[in-house]
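Undergrad:
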Amino acid sequence: MILAENEVPAVAKYIRMSPNKVRRVLDQIRGKSYREALIILEFMPYRACDVVTKVLRSAVANAEHNNGMDKTKLMISQAYADMGPSLRRFRARAQGRAYPIRKPTCHITIVVKPMEEEKNGTEG
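Reading the sequence shown from the start, the letters are residues 26 to 149 in the numbering used here.
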């Protein structure tokens, strides 16, 4: 993970959820402001929203306390979910066979940075 000097990350590892299901939530909040992302996460019907909200709040708390940034001026610059190790289980099937079941885990990373100030072209 390559970060600029003003970007602050937060990572949640070994979350017992499929990375594909987390990605559909992360795609909705990527590039949004902190406040807007919280509103989106609150009203989305997915189970992944709770975990993503925790990671987002952690990233903003890191930016506030470690770097002295204002949380109202933060936006989500990167948000992604990587595959973690799968838990392997076996299910009994007919005639003494065993059927493998893989329970996926994921690592969720959210990076926040301060918003750029908009420049007006009316100077002069």
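Glycine is no exception: its CB is placed at the ideal position from the N, C-alpha and C atoms.
Judging by CA-CA distance, which residue of Gly109, Met108, Glu89 is the nearest neighbour of methionine 100?
TA: Methionine 100 has its Cα closest to that of Glu89, out of Gly109, Met108, Glu89.
Undergrad: Count the other CB atoms, across all protein chains shown, that sit within 10 Å of the CB of proline 70; report buried if there are 16 or more and exposed otherwise.
TA: By the 10 Å Cβ count, proline 70 comes out exposed.
Undergrad: Give me the Cα-Cα distance between arginine 55 and serine 111, rounded to the nearest whole angstrom.
TA: When rounded, the distance between both Cα atoms is 26 Å.
Undergrad: Quick check: the Cα distance between arginine 60 and alanine 104, rounded to an integer number of angstroms?
TA: Rounded to whole angstroms, arginine 60 to alanine 104 spans 16 Å at the Cα level.
Undergrad: Output the boundary residues of the alpha helix (DSSP H) element that contains lysine 79.
TA: It spans 73-92 - the alpha helix (DSSP H) in which lysine 79 sits, taken as one unbroken run.
Undergrad: Nearest CA to the CA of threonine 134: which residue from Lys98, Ile65, Gly109?
TA: The candidate whose alpha carbon is nearest that of threonine 134 is Gly109.
Undergrad: What's the gap between the Cα of alanine 150 and the Cα of valine 50?
TA: The chain is shown only over 26 to 149; residue 150 falls outside these bounds and no answer can be derived.
Undergrad: Can you name, in chain order, every residue of its own chain whose Cβ lies under 6 Å from the Cβ of methionine 26, other than the five neighbours on each side?
TA: There are no such residues.
Undergrad: Short of 6 Å in beta carbon distance, which residues of its chain neighbour tyrosine 124, apart from the five on each side in sequence? Order them along the chain.
TA: Counting only Cβ-Cβ distances below 6 Å, and skipping sequence neighbours, we find Arg116, Arg118.
Undergrad: Note down the Cα distance separating asparagine 45 from asparagine 92, rounded to an integer number of angstroms.
TA: Going by the C-alpha atoms only, they are around 32 Å apart.
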